[in-house]
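Asks:
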Amino acid sequence: MNKKSRVKIKNQKKMDHTKQAIQAWKDKIGTNKVEDSKQETEKYTQNITEYKSELPIAVLKPESKSDVEAIIAIANKFEVPIYVVSTGKNWGIGSKIPVQNGSALLILSEMKKIIEVNEKLRYAIIEPGVTQKQLSDYLLRNTNLMLPVTGSAENTSVVGNVLDRGSVFFNHRYDLLTGLEVFLGNGKVLKTGFWHYFDSNKTKKPIFFHPPGVGPDLNGIFTQSNLGIVTAMVIRLEPRIPSTIVYAEFKEDNFVAFIDTFIKLKENKLIHNWLMITNKNDPRTTVDNKFNYTGDWSAIFNFFGTEEIRILCKKEVEKQIYKLCYHLLFLNSLIEDNSSHRYYQVLQMLYNGIPSNYSIKTMGEMNNFNLKSSDYEIDFCKKIYGFIAVVPAIPFEAMVIKEVIDLVNKVSQEFQVTPFHNFVSIGEMAIEGLFRVYFDREKEEEITKAHQWAEQLSKELEEIGIYPYRMSIKEMNHFSNRQEDPYWETIAAIKKQVDPNNIISPGKYCLENI
5 MNKKSRVKIK NQKKMDHTKQ AIQAWKDKIG TNKVEDSKQE TEKYTQNITE YKSELPIAVL
65 KPESKSDVEA IIAIANKFEV PIYVVSTGKN WGIGSKIPVQ NGSALLILSE MKKIIEVNEK
125 LRYAIIEPGV TQKQLSDYLL RNTNLMLPVT GSAENTSVVG NVLDRGSVFF NHRYDLLTGL
185 EVFLGNGKVL KTGFWHYFDS NKTKKPIFFH PPGVGPDLNG IFTQSNLGIV TAMVIRLEPR
245 IPSTIVYAEF KEDNFVAFID TFIKLKENKL IHNWLMITNK NDPRTTVDNK FNYTGDWSAI
305 FNFFGTEEIR ILCKKEVEKQ IYKLCYHLLF LNSLIEDNSS HRYYQVLQML YNGIPSNYSI
365 KTMGEMNNFN LKSSDYEIDF CKKIYGFIAV VPAIPFEAMV IKEVIDLVNK VSQEFQVTPF
425 HNFVSIGEMA IEGLFRVYFD REKEEEITKA HQWAEQLSKE LEEIGIYPYR MSIKEMNHFS
485 NRQEDPYWET IAAIKKQVDP NNIISPGKYC LENI
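Residue numbers (this note's numbering): 5 to 518.
#1: Would you identify the three-state DSSP class for glycine 164, choosing helix, strand or coil?
#2: Spell out a yes or no on whether the segment 369 to 378 and the segment 412 to 421 are touching, meaning 3 or more CB-CB pairs, one atom from each, closer than 8 Å.
#3: Please tell me whether phenylalanine 443 and alanine 458 are closer than 8 Å, where the distance is taken between their beta carbons.
#4: Using DSSP bridges, identify the partner residues of isoleucine 249.
#5: Please report how far the alpha carbon of alanine 79 lies from the alpha carbon of isoleucine 507, in whole angstroms.
#6: My guess is that tyrosine 473 and glutamate 436 are in contact by the Cβ rule of under 8 Å, so how many angstroms apart are they, rounded?
#7: With H, G and I counted as helix, E and B as strand and the rest as coil, what does DSSP make of phenylalanine 439?
#8: Between phenylalanine 391 and the rest of its own chain, which residues show a CB-CB distance below 6 Å, the 5 nearest in sequence each way excluded?
#9: I need the straight-line Cα distance from tyrosine 297 to lysine 65, nearest angstrom please.
#10: Pull up the distance between the alpha-carbon of isoleucine 118 and that of proline 216, whole angstroms please.
#11: What does the alpha-carbon distance come out to for the pair isoleucine 525 and lysine 56?
#12: Since tyrosine 347 is in the alpha helix (DSSP H), which residue starts that stretch and which ends it?
#13: Suppose contacts are defined by Cβ-Cβ distances below 8 Å. Is glycine 164 in contact with leucine 194 by that definition?
#14: In terms of alpha-carbon separation, which member of Asn272, Val395, Phe483 lies closest to glutamate 432?
#15: Tell whether a beta-carbon distance below 8 Å holds between alanine 72 and threonine 235.
#16: Restricting to runs no shorter than 4 residues, where is the alpha helix (DSSP H) found entirely within the segment 136 to 213?
#17: If you count every other CB in all the chains shown that lies within 10 Å of the CB of phenylalanine 262, and 16 or more means buried, which is it?
#18: So, at 8 Å on beta carbons, what are the nonlocal neighbours of glutamate 46 in its own chain, with the 5 sequence-adjacent residues on each side left out?
#19: Look at histidine 331 and alanine 252 and say whether their C-beta atoms are less than 8 Å apart.
#20: Output the distance between the C-alpha atoms of isoleucine 129 and valine 238, rounded to the nearest integer angstrom.
#21: Can you name, in chain order, every residue of its own chain whose Cβ lies under 7 Å from the Cβ of lysine 208, other than the five neighbours on each side?
#22: My guess is that lysine 1 and aspartate 292 are in contact by the Cβ rule of under 8 Å, so how many angstroms apart are they, rounded?
#23: Output the boundary residues of the beta strand (DSSP E) element that contains glycine 390.
#24: According to the Cβ coordinates, are alanine 62 and glutamate 39 closer than 8 Å?
#25: State the start and end residues of the unbroken beta strand (DSSP E) segment that holds isoleucine 119.
#26: Thinking just about the alpha-carbon of each residue, which of Val162, Val408, Asp141 is nearest to the one in threonine 91?
#27: Look at isoleucine 245 and phenylalanine 308 and say whether their C-beta atoms are less than 8 Å apart.
#28: I'd like to check one pair, valine 260 with lysine 386: are the Cβ atoms closer than 8 Å?
#29: Output the boundary residues of the alpha helix (DSSP H) element that contains leucine 465.
#30: Helix, strand or coil, according to DSSP, for glutamate 493 in the structure here?
#31: Counting pairs of beta carbons, one from the segment 92 to 111 and one from the segment 136 to 144, are three or more of them closer than 8 Å?
#32: When you compare each of Leu515, Gly106, Ser302 to threonine 22 by their alpha carbons, which one comes out closest?
#33: How many angstroms separate the CA atom of aspartate 264 from the CA atom of threonine 282?
#34: Along the chain, where does the beta strand (DSSP E) containing leucine 110 start, and where does it finish?
#35: If you draw a straight line from the alpha carbon of tyrosine 491 to that of proline 102, how long is it in whole angstroms?
#36: Between the Cα of threonine 310 and those of Arg288, Asn336, Tyr326, spot the shortest distance and give me the residue it belongs to.
Following this line, the structure appears as structure tokens:
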């Protein structure tokens with residue numbers, strides 16, 4: 005038998021297995037939870053970044069853990085891979101698009117139970133379909149607790165954001181990860197921390213107060229990974245306490261001095277360990293829709309304490325940074341109408357754990373498109389500008405951040421595109437860069453140019469020792485498919501144990517073949 009014949013037989017076998025798997029999923033979890041027609045699956049290839057993708061072989065929407073268990077068993081039986089997303093709003097770096105073609109798309113958005121909220125120990129147990137708004141509304145109605153929220157849309161997944169280590173306002177959300185329930189590709193269910201002990205001790209209800217438990221801490225290996233399907237997450241909640249929000253505007257010439265001053269204030273514990281900086285022409289902060297860079301920057305940070313303490317902190321903060329800014333505003337965290345700029349009230353909401361659609365509404369203003377609520381699924385709304393993002397991790401050091409800014413501007417000038425800069429602290433010594441280019445989704449030349457910009461920027465950042473904080477689906481192969489790197493070899497070895505048939509999200513944060 006020649007090579008061509010062998011390939012033909014292999015492809016036919018794969019097609020047969022795919023058809024059998026789809027039918028088995030329909031029989032086991034219900035036809036209403038399986039979409040496989042071209043008309044049904046085609047919409048899931050639409051994405052705000054305009055990545056090209058084959059149609060998923062099917063779209064699976066489980067509603068329970070038993071559904072997930074059945075999906076995994078059938079995927080193993082017929083060796084059909086499944087690409088897993090929570091709600092699939094990983095905008096700018098892939099949305100719902102699989103890293104590799106030929107997968108079924110598993111969307112967990114219908115698993116949306118808030119299983120438990122413990123006020124005393126300040127945690128919530130939630131399923132992956134629970135959105136920021138759903139959890140925020142529940143906490144506002146029933147508790148004095150809150151979960152720090154992203155500046156993204158209300159209907160984004162809390163679990164999905166944490167698992168990809170997304171950044172949030174006024175906190176570091178990844179630090180709040182407390183426990184996970186994970187369905188592995190080998191059919192087993194793993195619970196991290198002390199959680200697994202309570203399965204054998206039915207007389208006691210599990211409580212969550214020490215995330216690592218005893219032994220190796222497994223919480224981290226299921227973030228930015230394809231080692232399992234997270235069906236429940238325990239996340240720490242925060243008390244809703246008064247704060248002063250600082251909003252500052254300054255010129256590029258003072259950028260390095262501003263960062264250095266912020267670091268000193270932070271090290272002296274006068275302010276909270278969180279900072280966001282954007283260029284002023286960002287859609288969220290610009291005035292009169294001026295989207296071209298003018299050398300202006302804005303920064304947001306905050307400090308806590310009693311009113312007396314905050315008065316003293318304000319005095320010292322003002323003393324240190326006033327000379328660097330042309331506009332300095334101190335906002336009370338209480339939500340109130342503020343007519344001077346609509347963003348101020350949004351910041352107050354975000355501080356109090358109330359998500360907003362403000363960021364995507366302002367995106368629409370870039371091409372004078374007034375988004376309606378039906379347009380908030382921006383992957384499907386061709387009228388809003390598309391965008392692509394490069395998201396590196398950067399040392400929290402002023403001169404390094406400035407070097408990265410200069411590099412982004414250099415590459416952008418070469419491609420004749422306008423970059424938008426956003427920095428958010430992700431830890432005491434690290435800051436996330438979120439660099440974006442917007443484009444008309446109807447113009448192929450703009451799409452191509454934006455994609456080339458992202459590829460070149462990622463390459464040149466690597467050359468100066470700056471690596472991704474979050475990877476797009478197009479960066480996965482370059483950064484994680486490194487066969488002789490002991491780090492990725494170890495990840496692949498773990499993958500082989502927990503998912504021997506490599507059915508869960510192949511190629512995502514892992515060697516391509518295990």
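We put the CB at the ideal spot given by N, CA and C, even for glycine.
Owing to the predicted nature of the structure, the values given are computational and were not obtained by experimental measurement.
Replies: Looking at the atomic coordinates:
#1: Helix, per DSSP.
#2: At 8 Å Cβ cutoff, the stretches do not touch.
#3: Cβ atoms of phenylalanine 443 and alanine 458: not closer than 8 Å.
#4: Looking at the DSSP assignment, isoleucine 249 forms a beta bridge with Asn306, Leu335.
#5: Roughly 7 Å separates the two Cα atoms.
#6: Right, their Cβ atoms sit about 5 Å apart.
#7: Strand at phenylalanine 439.
#8: Around phenylalanine 391: Gly96, Arg440, Tyr442.
#9: Approximately 43 Å between the Cα atoms of the pair.
#10: Spanning the two alpha carbons is a distance of roughly 22 Å.
#11: The requested residue 525 does not occur in the structure, where the chain is confined to residues 5 to 518.
#12: Note, tyrosine 347: alpha helix (DSSP H), 346 to 355.
#13: Remark: C-beta atoms of glycine 164 and leucine 194 do not approach each other more closely than 8 Å.
#14: That would be Asn272, whose Cα lies nearest to the Cα of glutamate 432.
#15: What sits at residue 72 in the sequence shown is valine, not alanine. In contact: valine 72 and threonine 235 (Cβ atoms closer than 8 Å).
#16: With a minimum length of 4 residues, the continuous alpha helix (DSSP H) runs that stay inside the segment 136 to 213 are 136 to 146, 162 to 167, 201 to 204.
#17: Phenylalanine 262 counts as buried, since no fewer than 16 other beta carbons sit within 10 angstroms of its beta carbon.
#18: Cβ contact annotation for glutamate 46 (same chain, cutoff 8 Å, sequence separation greater than five): Leu59, in chain order.
#19: Closer than 8 Å, so yes.
#20: A straight line joining the alpha-carbon of isoleucine 129 with that of valine 238 spans about 4 Å.
#21: Within the same chain, Phe202 come within 7 Å of lysine 208 by CB-CB distance, once the 5 residues on both sides are set aside.
#22: Only positions 5 to 518 of the chain appear in this structure, which leaves residue 1 out of reach.
#23: Where glycine 390 is concerned, the enclosing beta strand (DSSP E) stretches over 390 to 399.
#24: Contact flag set, yes.
#25: In the DSSP assignment, isoleucine 119 falls within the unbroken beta strand (DSSP E) covering 118 to 122.
#26: Residue Val162 is the option with its Cα nearest to threonine 91.
#27: Going by C-beta atoms, isoleucine 245 is nearer than 8 Å to phenylalanine 308.
#28: For lysine 386 and valine 260, no; Cβs fall outside 8 Å.
#29: Counted as a single uninterrupted DSSP element, the alpha helix (DSSP H) harbouring leucine 465 occupies residues 448 to 467.
#30: DSSP places glutamate 493 in helix when its eight states are reduced to three.
#31: No, the segment 92 to 111 is not in contact with the segment 136 to 144.
#32: Taking threonine 22 as reference, the option from Leu515, Gly106, Ser302 with the minimal CA-CA separation is Gly106.
#33: For aspartate 264 and threonine 282, the distance between alpha carbons rounds to 16 Å.
#34: Note, leucine 110: beta strand (DSSP E), 108 to 111.
#35: Straight-line Cα distance between these residues: approximately 23 Å.
#36: Considering only alpha carbons, the answer is Asn336.
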